[in-house]
């Protein structure tokens, strides 16, 4: 039998807390029927990144 390769550990990214904060905020907006544009979402992401002390946080325009 061939040897099994060791399992790779999945590393949590630096931005996990930022993503969680954005998702929670977005969930609240959806619950309250608050419209959210891409621009608003990007700006909010930047705010969360700064509040969490992540200087290298950048948002994309996808």
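In our numbering, the protein residues as written are 5 to 66. Ideal placement from N, C-alpha and C gives every residue a C-beta, glycine not left out.
- Looking at the backbone, the Cα of residue 22 and that of residue 59 are separated by about 12 Å.
- In the three-state reduction of the DSSP assignment, residue 30 falls in the helix class.
- Around the beta carbon of residue 44, a 10 Å sphere encloses fewer than 16 other beta carbons of the protein chains shown; the residue is thus reported as exposed.
- Pairing residue 42 with residue 57, the inter-Cα distance amounts to about 23 Å.
- The criterion of a C-beta distance shorter than 8 Å is satisfied by residue 63 and residue 49.
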